Every structure is written in C-alpha cells, then in structure tokens.
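Asker: Below you'll find the structure I mean.
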Amino acid sequence: MNIATFASKRFLVPVVLVLIVVLLATAPLYTALGTIPLMTTILMYIILAVSWTMFSGPTGYISLASAAFFGCGIYASALLFERGAALLPLPAVIVMGGLAASCFAIIVGLATLRLRGIYFTMFSFGLLELARRLFQYYEFYVTGVRGRYVGNVDGNTVYYIMLAILVATLLTVYFIRRSRLGLAMQGIGKNEEAAAHMGVNTTKVKVLTFALSAFFMGATGAIVATRWLYVDPTIAFNLNYSFLPLLMAIVGGVGQPYGPVVGGFAFAYLRHVLQSKTPYYFMLVFGAIMVLVILFLPGGLASLIERGRHRLGGLMSKLWKGDQAEQHADT
Amino acid sequence: MPILEGQGVTKYFGGLAAVSHVDFHVDQGEILGLIGPNGAGKTTLFNLISGAIPFKSGGIRFKGQKLNGLKPYQICRRGVARTFQETKIFADMPVFQNVLMAAFFGTPTRISGADAAREVTQALEFVGLSAMNETPVQDLTLVNQKRVEVARALATKPELLLLDELMAGLNSTEISEAMELVTKIRDDGITIFMVEHVMKAIMGICERIMVLHHGEKIAEGTCQEIACNKTVIEVYLGEEAHAGS
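Chains as they are written, first to last, in this note's numbering: chain A, 1 to 331; chain B, 332 to 576.
In structure tokens:
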C-alpha cells in the first residue's frame with residue numbers, strides 16, 4: 001500500500017480515533033490516582049465546546065445560551081435525586097437532563113431564532129438570567145428550599161458516562177456534517193435568505209439543531225451535578241459556562257470538526273496546570289493566549305495542526321516517490 | 332391560461348407604497364418582462380411573490396392556489412424559483428454544493444442522494460458550468476456566479492422562474508448568451524417572469540412587458556405597445572433618452 005494514501009484521512013483518522021477511544025475507556029485501569037477526575041473535567045469542557053460548535057459553527061448564530069442548557073441538565077438531575085438516591089436509573093437521569101435542555105431550547109428557539117446576528121446573541125445571553133431567576137423563584141416560593149443535595153456517584157462511573165456523552169456528541173457532529181441537514185445549516189450560515197428560497201425550512205433546521213446541541217449540554221450538566229453534590233440556581237446557571245464553550249471553540253477553530261476538541265482540551269488542561277500553580281493569573285494567561293490565537297491563527301489551533309499534517313503528508317509522499325525512484329534505478 | 336395571478340397587491344414600507352394595487356398575471360409558458368425606473372417596486376414585487384416579505388392586502392395565486400402567508404421555502408417547493416439582483420451565493424462552497432442544496436430541498440418530495448447529484452449535473456450542464464463543479468463560487472466571474480444562481484433555481488424543478496436583473500453588470504456578449512439561456516429555459520417548459528434594465532434583452536426575448544412606476548402599474552402590453560406608450564416613454568424611456576443626449 002502507498003504510504004501517502006495510508007497517511008491520508010481515509011485510513012488514518014478512523015484508526016487513530018478508535019485507538020484514542022479505547023485508550024480513554026481503559027484509562028481508569030492504569031492511570032495514577034487523581035487523573036480520572038481531571039480527565040472527567042477535560043471531557044466535560046470538550047463536550048461543551050463541541051456541542052456549542054454543532055449549532056453555532058455552521059449556522060453562524062452565536063449562542064450564549066450554553067449555560068442555560070447546561071444548567072437545565074444540572075437542575076433536572078438535582079430534581080431527580082432524593083436523599084442522595086436517584087429516582088431513575090442513572091442513564092435515564094442523564095437522558096432526562098438532555099431532554100430538559102432540548103425542550104427549553106425548542107421553546108426559546110421558536111421565539112428567538114428569527115432574530116439574527118447580535119440580537120440573537122444578546123437574547124440567548126438573557127436566557128441564562130431568565131432560567132436562573134425562574135428556578136430561584138420556584139425554589140424560594142414553591143418548594144421553600146435554597147438548594148439541593150445530589151447523590152454521590154462513583155468517580156469512574158461519572159468518567160465513563162462523560163466519555164459516552166462525548167462519543168455520542170462527536171458521532172452526531174460527524175453524521176450532521178455528512179447529512180443534508182448539515183448542508184442546510186451551512187446554507188443558513190452563508191446566506192439564510194438564499195437557503196430559504198431554495199426550499200430549506202430554515203426555522204425547522206435551526207430549532208432542531210439548536211435543540212440537539214442543547215441535548216448534549218444538558219446531558220453533561222446532569223452528570224456534572226452528581227460530582228458537585230450540592231446545587232442551587234446560582235451554581236447551576238453560571239455565566240462562565242455561556243462564554244467558555246464559545247472561547248474554547250474559537251481557540252480550537254470552528255472550521256475543522258476536531259477544532260473544538262483541541263480547544264476544549266487546551267483550555268481544560270491549561271486551567272488545571274495554571275490554576276493549581278498561579279490561581280490568580282489563570283484567566284490572564286488564557287486571555288493572552290486567546291488574543292494571540294485570534295491575531296495569528298484565525299483558524300484556531302486546528303489550522304496549526306492542518307498545516308503540520310499537510311507538511312507531513314507532503315514529506316511522506318516525497319519519501320515514497322524517492323523510494324520508488326531508487327527501485328526503478330535498481331531494476 | 333395564467334400560471335401566476337396577482338390582485339390588488341399592495342405593500343407599504345412605513346408610509347411609502349412600495350407596491351400599490353398592482354394587478355398582474357403571467358401566462359403559462361411565456362416570458363414576461365417587468366421594467367420600471369429605480370425604486371419602482373420591481374424587486375419588492377418579486378419579494379412578495381417569493382414570500383421574502385409578508386403582505387396583507389391583495390392576493391397572489393399560483394396555479395389557482397394562494398401564495399399569501401406561505402414561507403419562502405414552501406413557495407419554492409410549490410414550483411416558484413427565483414434569482415437575486417445581488418447574487419446570493421454560498422461563497423466558499425463549491426459550485427456543485429451550491430446547487431445540491433437546491434436539489435435536496437427545493438422539491439416537495441424527498442429525493443435520494445444519487446438523484447439529487449444527477450439533477451445537479453443536469454442543471455450545471457444546462458447553464459454551461461459542468462467544468463467548474465469543484466470551484467468555490469467566490470472564485471467565479473460575475474456571469475458564472477449568475478449562472479450558478481440560475482442552475483440553483485432550476486434544480487428546485489420550478490414551473491415559474493423569477494429572474495431579478497440577470498443581465499445587470501454583464502457585457503454585451505454575456506448578455507446575448509444570457510438571453511439565449513433564458514429562451515432555452517422557457518423552451519424547456521418553464522414560465523419566466525423577469526426584471527430587467529437591459530432594454531435590448533427585454534425587447535429581444537419578452538412576449539409581454541409590464542411597467543411599474545412608484546409602485547403602480549402604468550402599462551402592460553407587447554414590446555411594440557410598450558415602446559410606443561406615451562406614459563412609459565415619459566417616466567422611463569424618456570429619462571434615458573434625456574440622459575443619453
């Protein structure tokens with residue numbers, strides 16, 4: 001087999017991906033103590049970045065509602081635990097968290113996705129506050145509690161569920177990109193009016209994919225709640241989770257499907273390293289990195305990888321051709 | 332028999348009547364031209380027909396069915412396709428992908444990927460772009476971008492095609508080619524309603540012409556009748572003659 005073809009996307013990528021998943025899945029068996037919680041956190045950030053990009057990447061609708069969906073999942077999970085025990089099997093709790101976020105996304109999507117550009121962004125940002133206040137009102141006046149204790153779930157289980165959500169998210173992104181739904185989303189992002197006049201039901205496509213991306217954020221929230229043990233509306237609906245997915249996606253690059261994965265990983269890992277050493281400078285350093293990436297790598301970290309891969313591909317095919325030339329010379 | 336009929340179509344933008352009580356009809360299989368000075372309401376009328384702008388007073392019927400209140404995608408699926416005055420292309424997508432979207436979504440029934448690809452190939456061949464499948468549309472010349480728009484419209488399998496200033500910005504060779512293309516589309520059984528400023532094109536291929544001025548229809552008839560119509564000459568051709576002298 002030609003080595004250059006082997007190095008091409010078609011064979012290498014699936015093999016490497018399967019390998020990575022296997023490595024991640026077996027990680028609890030051989031990693032040092034304390035690695036799994038860190039990896040769980042990293043996976044969480046990656047899922048948030050990937051699911052944000054799922055909708056906002058192709059359509060160009062910059063959403064700041066991530067924290068609202070994430071919070072919906074967290075709260076759904078909190079409501080489904082009673083005295084530390086889940087009322088439903090754990091996977092069902094996760095799905096419920098996702099569905100809660102999806103339902104919220106459908107309702108607000110129908111109302112807000114007719115807004116474009118900055119107006120949509122502002123409104124989606126407002127949703128977070130709306131959700132937080134709603135839950136605060138509910139807890140204060142209806143149930144009379146300030147917050148809730150969520151049952152403790154074994155660390156490895158949390159890790160496996162997080163990994164499963166990530167794999168599901170990435171598979172969804174992959175299939176959307178290949179499907180006509182993905183084509184329609186791209187059309188909406190590039191010229192919504194033209195897409196509509198070509199028969200694309202833009203509202204349906206937008207609401208559907210908005211809900212889909214919310215599902216994964218909600219599912220992640222549902223499992224994260226079990227790590228946090230205690231949840232109240234202020235904790236569940238945290239502003240940071242609206243901005244972080246967007247920042248991670250930009251740093252990673254939204255043009256390539258793995259861009260947000262790289263961005264999420266880079267952010268989470270940096271956060272871990274810097275926060276333990278220089279807790280006050282973490283955001284400063286991350287901010288500086290972001291500015292540098294935006295200035296010098298508009299395509300994100302992914303564009304750096306793409307460049308490297310092209311060079312590698314070129315080098316390999318050169319070597320291969322050199323080899324062939326030698327063989328020809330021998331005969 | 333009219334394929335498209337409008338009665339008392341009216342649209343106000345604030346206090347300004349962009350289109351005011353316009354009655355019109357497009358007959359099956361004809362090429363109808365729509366002319367008028369800048370700001371006459373030509374594009375607005377197209378936007379009303381294609382559903383880009385909603386309107387309340389007046390009615391538009393396509394093959395006897397009301398189009399009022401339908402969304403652009405529904406109107407497109409019923410068989411009314413359009414192109415835009417300012418080309419609205421998906422700039423960094425290849426030509427093929429641009430047209431593929433129309434083939435996938437533009438028809439009322441779901442079609443398979445293979446069928447869609449065949450439709451796209453046909454449409455691109457029809458407009459003469461087969462050689463440029465893979466080129467990103469932003470790298471094409473204006474005339475070819477306009478061809479992509481036409482191919483895209485054709486891929487939705489329309490019965491009526493609205494062409495909004497297809498010839499604007501083209502040179503005279505390109506205009507002749509575009510005229511040929513329009514005639515060819517009509518000969519394929521697609522009715523054409525076109526807004527145009529290029530008089531040579533309008534007079535050359537249209538069977539009938541309708542004239543708008545300040546949102547009102549001021550004349551309608553064959554090319555001959557329109558060319559001799561006093562009001563039209565005054566508001567439209569007169570201006571041009573004056574500008575030319």
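From the three backbone atoms N, C-alpha and C, an ideal C-beta is built for every residue, glycine too.
Every value quoted in this text rests on a predicted model; they were computed, and no experiment measured them.
1. Check MET44/A in the structure and name its three-state DSSP category.
2. Determine the closest residue to LYS488/B out of THR375/B, ALA371/B, ALA433/B, with distance taken between C-alpha atoms.
3. Per DSSP, ALA348/B forms a beta bridge with which residues?
4. Can you check whether the CB of SER51/A is closer than 7 Å to the CB of PHE216/A?
5. So if I threshold CB-CB distances at 8 Å, which residues from the stretch 179 to 201 of chain A count as touching chain B?
6. Rounded to the nearest angstrom, what separates LEU43/A and GLY34/A at their Cα positions?
7. What does SER381/B reach in chain A if we use C-beta pairs closer than 8 Å?
8. Excluding five sequence neighbours on each side, which residues of the same chain lie with their C-beta closer than 7 Å to the C-beta of GLU496/B?
9. Keeping to the same chain, check which residues put their C-beta closer than 6 Å to that of ARG148/A; ignore five residues upstream and five downstream.
10. Let me see if you follow: with CB-CB separation under 7 Å, is PRO333/B close to chain A or not?
11. Whole angstroms are fine: how far does the CA of LYS206/A sit from the CA of LEU212/A?
12. Pick helix, strand or coil for LEU526/B, following the three-state DSSP scheme.
13. Give every residue of the same chain whose Cβ lies closer than 6 Å to the Cβ of VAL262/A, excluding the five residues on either side of it in the sequence, and list them in chain order.
14. Mind listing which residues of the stretch 418 to 437 of chain B have their C-beta closer than 8 Å to chain A's C-betas, in chain order?
15. By the three-class DSSP mapping on this structure, what secondary structure does LYS561/B have?
16. Consider the Cβ of THR487/B: report whether some Cβ of chain A lies at a distance smaller than 7 Å.
17. Suppose contacts are defined by Cβ-Cβ distances below 7 Å. Is CYS554/B in contact with ILE536/B by that definition?
18. Check the Cβ of TYR343/B against every Cβ in chain A and list those closer than 8 Å, keeping chain order.
19. Leaving out five residues on either side along the sequence, give the residues of the same chain with a beta carbon under 6 Å from the beta carbon of SER576/B.
20. So, does the CB of PRO403/B fall closer than 7 Å to a CB anywhere in chain A?
21. Does DSSP classify MET1/A as helix, strand or coil?
22. Rounding to the nearest angstrom, what Cα-Cα distance links ALA111/A and ILE62/A in this structure?
23. Specify, as a first and last residue, the run of the beta strand (DSSP E) that MET541/B falls within.
24. Would you please verify whether the beta carbon of ARG441/B is less than 7 Å from any beta carbon of chain A?
25. Ends of the alpha helix (DSSP H) at PHE415/B?
26. Going along chain A in order, which residues have a C-beta closer than 8 Å to the C-beta of ARG449/B?
27. What residues from chain A crowd round CYS407/B, counting only those whose CB sits closer than 9 Å?
28. What three-state label does DSSP hand VAL273/A in the structure shown?
29. Shortest alpha-carbon distance to TYR258/A belongs to which of ARG177/A, ALA225/A, GLN136/A, ALA196/A?
30. Determine the burial state of GLU480/B: buried for a count of at least 16 other Cβ atoms within 10 Å of its Cβ, exposed for fewer.
31. Using the Cα positions of LEU64/A and LEU274/A, report the straight-line distance between them to the nearest angstrom.
32. Below 8 Å on the Cβ atoms is my contact criterion, and I expect MET463/B with LEU471/B to pass it. Report the Cβ-Cβ distance as a whole number of Å.
33. With DSSP collapsed to three states, give me the class of ARG392/B.
34. Looking at the C-beta of ARG413/B, does it have a partner C-beta in chain A at a distance below 7 Å?
35. What span of residues does the alpha helix (DSSP H) with LEU244/A cover, start to end?
36. Given a cut-off of 7 Å, decide if PHE427/B and VAL451/B are closer than it, judged by their beta-carbon atoms.
Answerer: On the basis of the supplied data:
1. The answer is helix: DSSP assigns MET44/A an H, G or I state.
2. ALA433/B
3. TYR343/B
4. yes
5. Going along the stretch 179 to 201 of chain A in chain order, one finds ARG180, LEU183, ALA184, GLN186, GLY187, LYS190, ASN191, GLU193, ALA194, ALA195, ALA196, HIS197, MET198, GLY199, VAL200, ASN201 with a Cβ nearer than 8 Å to chain B.
6. 15 Å
7. HIS197
8. Result list for GLU496/B: GLN416, VAL526, GLU527, HIS528, in chain order.
9. ALA78, VAL231
10. no
11. 10 Å
12. According to the sequence displayed, residue 526/B carries Val and not Leu. In the structure shown, VAL526/B sits in a strand (DSSP, three-state: E or B).
13. GLY252, LEU301, ALA302
14. LYS419, ILE420, PHE421, ALA422, ASP423, MET424, GLN428, LEU431, MET432, ALA433, PHE435, PHE436, GLY437
15. helix
16. Output row for THR487/B: interface = yes.
17. no
18. Near TYR343/B there are no residues of chain A at all, since even the closest Cβ is about 21 Å away, more than 8 Å.
19. With a pLDDT of only 40 at SER576/B, under 50, the local geometry of the prediction cannot be trusted, and the value read off the model is given with reservation. So no residue of the chain qualifies.
20. yes
21. Model confidence at MET1/A stands at a pLDDT of 46, short of 50, so the residue's coordinates are unreliable and nothing is read from them.
22. Each residue's CA atom was taken as its position, placing ALA111/A and ILE62/A some 16 Å apart.
23. 539 to 544
24. no
25. Where PHE415/B is concerned, there is no enclosing alpha helix (DSSP H), given that its DSSP letter is neither H nor E.
26. Chain A residues near ARG449/B: none, gap ~15 Å exceeds 8 Å.
27. ALA196, HIS197, MET198, GLY199, VAL200
28. helix
29. ARG177/A
30. buried
31. 26 Å
32. At roughly 7 Å, the Cβ-Cβ gap stays under 8 Å, so MET463/B and LEU471/B are in contact.
33. strand
34. So yes, ARG413/B belongs to the interface.
35. 240 to 252
36. yes
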